[in-house]
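Inspection log for the structure reproduced underneath, given as structure tokens.
Numbering (the working numbering), first residue to last: 3 to 1274.
What follows is the structure, given as structure tokens:
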């Protein structure tokens, strides 16, 4: 019982003590902790300690009230009695310049932050929440600051989303001592109060609590949320600086679900069922027809052969034929062509010297244009039309901001696998570092970097160094080159890299700690470690870690497996002298890198000129392959044209000289086409030079074989002279040649409607070359054939014409290939049981190809453009494997916006008062869903940084009072005054004349420790000012794409960026476009499917029209030709899918070419079928195949096959893929469709005989053997 009173007395005494402490704290709350400044800080140079003072607050002088209002807006301490003097206020202002410049864009954030520091520095109640714990004489050298957790959390929450527009990162990444992702209320305040930041002169130890601690009542003043406006009228923070003000996060649209049926690709299912239905119907039709014919066999020529029929050929009055109007018109047109070509052929044989000489003169005159030949190797000119959107936007960008800089880049890895652990001395978890970040390797990489910087090239007797051509954004004040490298965190210095702070026992800070700080705050001028080295590059800009490293996960840059060093060089739009210097230096760089060896480093590298150099080297190395290919084709043509009757007549019957002449004619047509267009200034492309000879050789050689082999199989009619025989032969076959050549010419000419320069140029040159080839063949070649025929009739040797063989009678025989086609091949494929199989197989191929059309990839893998042994290939591989950053993208605001108007400012900027759908805000919203939009970061904004720079609270914007010239923040001069007054109007954004008055100062200001917002480095090229700085013209806002690895990624990025720019344009009511360096190359793929369909569709339509007209209005024949060619084209897509050939300008050129070559495979067969008078379609198809098939097979298929196989040996991947594979497919598909499927198709649904043509032929050949009608 006795113990209870004793315990109560103890509690009572404790309660009294507690009350007395509280009472004394309340009494002390009326006193200061310090007042004024005393001695120099021993911890931070240039800063002073505050003086120990425990007396009452002292009134501030009236002349200093403006400074108080500037720093602590809204504060009212009654009688203005404070615990600070004007010197402390000035120190506070200087210390908070960087936070002020970066955070004042969000008023609530800035208000809360200033609340924290104003209470600390000046509050008359500071002894209530502050405790001075250490003194040095009159100096206060350490204090405890009790801060409410609620206040700290609210302040952090209001500031955590604020952006730093110039560097596309959160402002806290620059102000927290670590990446904003790892920053919180506690460590942010601790960093600001730590002497390591070189702004705080003595330690301020924050203690966080909402409840009183040891009698101290934590400072827990009112705060503002970032969504709230301030009492002074400042609005809430923008969405970009306050995520809570944005509403719900944008959600990307769902990806379109694949079109499926029962979980299977819908197109595959539809095509498969359609094919099955076709087989069922076709099989039934074939079986039904077979049964019907078993019962009743009737020939479609019965009425013609029956002498009692009015249609019979055997009638006494054959002129009275019951032919339709179209048939009669067709016969008249056919006869007109036959007459014209017969007369012309006879003339050419009779006057060979005139024809040959005339042809030679015209060829020389046309080819003379090659003197003016220009070859386009500029990829922009090759793939982008001058009128295209991307090209116009590129030209606009280049003319206003200068061309996009030239890039040299190294991607450096190491074969070493060792990693090491860094253990921070001051606590924290261990940090693993990749082998490439070891100090030894970093020194070796720095050695390499410095060697590259010291490269000297020679151009026209002048020495060229990197500094002569590099991008130096602070020039002329600082001529250091921009080098985006991890080593620039260490100022590109071995000494800084080796910089350590420690003693004999411990290392407190070294390159590890500096690296970890810099990757989180790359724009910092002073790291928070004991090193206090800057992170900002020597060129005045930040080095973003995602640009300087690769192969890391998430943002763990310490795990990087690759270093990326980028040297941006100036590009020159209209300065060929400087461009040549840059090219010379780049060449020297490439030479240096090829010879550089280091067993510890594996380096992939590329310069701006590398791709073009390698393409040129590739073209030169492939000349040998191409020459061998053409030699093989030339040798075959020369030997195959001859029809050797016996070994004795080998040198007489050979056609080597005629074959070489035919080849010369083909090449002459190519040079004439090139020369004619060169006269008109149309530049050539590599595609034209590489593809057109192949095309014209295919078309021209086919016609040569038809002419020669028809002559070889023909027998001269009695009393017929040689010129009459050749004229008659030309009259029979020239319409067919004219049909194919004119069809191809029209098809290619219409292909010139394409907007793609490569396709348009190819089509123009090809169309003219094919037509010139036809004209030379029916003139010059016919004359040469007459000369060669006379030689052969006189038994003179080929080539050596003076040698004559003794007379001997030789029996004329058919060639082996002709006999094979006539007696073996044609009868076999037209057998009753073979034909249905052929139809089923080809329709099956067509069905598969239809299902595969939409699965062909679009684009061109840039690796394919390089030779197999190119150093650039390794660079491309490392680029996709290691890099984490995509190319920069610029949102360009075209000229015409009035930036001096607050209304127009609001549609662009991203700060307080700006529209929620402004340009900057829309780009920011897009960056939140970067996986869909490919916009990686918010855009930099010169306008927002300018507003922060010009604010009167900042020391950035000052000018000399006497001259009005700009006064940099680092200048200490009493004559420098603030640009704008600290008044309500002065705090507003600059508008009207003020806007343009200070903008040039902003754009010329270099960032420094007192003003990190200077716009020279970041924005000097982003704003196009009118002469005399009259107004702002065009400007851009830059961000980056996410990493783009293949063509679909690039195409998607372009499409989304354009959609975003269009949305911005609509909301601003002013033109804005997105521009990136790759857009001009990938724009073609946005419409490549449409362009392909249009080009091929127009070509097919033109072939149909020309074929219908030149076949004498036989529409059905034209339909069959067009259908077969369409099948070949569709099957080409099937081959492209199976053989991984993407759809792009190169493959589109090949598809257009295949359309032309397919005419050669089809038109001759169809025309031969249309004039045949055999008893039924099967027999007519067999005859057409026998007579024309051998010429087509030997003229195109065999000629091209040997040459194509040689292309497989090319070192060029683009040759292997787009020429070897596609050419082989073109020839094989053309041959199989023309020589296998088409005859079978004609045997089923070929056109009926043209009765008018048959009667005309019968009348014309009256008195001769009937078989003569079938001779060609």
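Even for Gly, the Cβ is constructed at its ideal location relative to N, Cα and C.
Keep in mind the model is a prediction, meaning the values are calculated, not measured.
Every beta strand (DSSP E) of 3 residues or more that sits fully in the segment 82-152 is shown, in chain order, as 132-138, 141-149. A direct Cα-Cα distance of roughly 15 angstroms separates residue 929 from residue 889. Check the Cα spacing between residue 659 and each of 638, 676, 674: the tightest is with 638. Straight across, the Cα-Cα distance linking residue 1235 with residue 287 is about 22 angstroms. With respect to residue 1088, residue 1131 sits apart: the two C-beta atoms are not nearer than 9 angstroms. Sixteen is the threshold: since fewer than 16 other Cβ atoms of the shown chains lie within 10 Å of the Cβ of residue 597, the residue is exposed. Separation of residue 1156 and residue 1229 (C-alpha to C-alpha, rounded to the nearest whole angstrom) is 8 angstroms.
A direct Cα-to-Cα measurement between residue 285 and residue 1080 gives close to 53 angstroms. Scanning the segment 327-374 for uninterrupted alpha helix (DSSP H) segments of 4 residues or longer gives 327-352, 354-369, listed from N- to C-terminal end. In the three-state reduction of the DSSP assignment, residue 449 falls in the helix class. Contact check for residue 531 against residue 562 fails: the beta carbons are separated by 9 angstroms or more.
The beta carbon of residue 1190 lies closer than 6 angstroms to those of 1166, 1167, 1170 in the same chain, with the five residues before and after it left out. For residue 432, the three-state secondary structure derived from DSSP is coil. According to the DSSP assignment, residue 608 belongs to the beta strand (DSSP E) that extends over 604-608.
Segment contact: the segment 1024-1037 against the segment 408-425, fewer than three CB-CB distances shorter than 8 angstroms; contact not assigned. Residue environment analysis places residue 293 among the exposed positions, since fewer than 16 neighbouring C-beta atoms fall within 10 angstroms of its C-beta.
Assigned with DSSP and collapsed to three states, residue 1027 falls in strand.
Annotation: residue 473 to residue 883 spans about 27 angstroms, alpha carbon to alpha carbon.
Taking C-alpha positions only, residue 1248 is separated from residue 1109 by approximately 15 angstroms. Under the three-state reduction of DSSP, residue 795 is assigned to helix. In this structure, residue 777 sits away from residue 1146, with a CB-CB distance that is not shorter than 9 angstroms. The residues 59, 79, 83, 84, 85, in chain order, have a CB closer than 7 angstroms to that of residue 126 in the same chain once the five nearest residues on each side in sequence are set aside.
With fewer than three CB-CB distances shorter than 8 angstroms, the segment 391-404 does not count as touching the segment 697-716. For the options 729, 944, 1000, 996, the alpha carbon positioned closest to that of residue 1036 is the one of 944. When only Cα atoms are considered, residue 112 and residue 103 end up about 10 angstroms apart. Within its own chain, the residues whose Cβ lies closer than 7 angstroms to the Cβ of residue 752, once the five positions on either side in sequence are excluded, are 1100, 1101, 1104, listed in chain order. Under the DSSP assignment, residue 71 falls outside any beta strand (DSSP E), being part of the alpha helix (DSSP H) whose first and last residues are 67-73.
Between residue 191 and residue 118, the CB-CB gap stays under 9 angstroms. Around the C-beta of residue 1000, 16 or more other C-beta atoms lie within 10 Å, and the residue is accordingly described as buried. The residues 977, in chain order, have a CB closer than 7 angstroms to that of residue 964 in the same chain once the five nearest residues on each side in sequence are set aside.
In the same chain as residue 724, and ignoring 5 residues on each side of it, the C-beta atoms closer than 8 angstroms to its own belong to 351, 718, 788, 791, 792, 795, in chain order.
Beyond the five residues adjoining it in sequence on each side, residue 40 comes within less than 6 angstroms, by CB distance, of 51, 53, 140, 141 in the same chain, given in chain order. In the same chain as residue 374, and ignoring 5 residues on each side of it, the C-beta atoms closer than 6 angstroms to its own belong to 680, in chain order.
Residue 291 carries a helical assignment under DSSP once its states are collapsed to helix, strand and coil. By the neighbour-count criterion, in which a residue is buried when 16 or more other Cβ atoms sit within 10 angstroms of its Cβ, residue 1210 is exposed. Non-local beta-carbon contacts of residue 727 in its own chain, meaning distances under 6 angstroms to residues more than five positions away in sequence, involve 718 in chain order.
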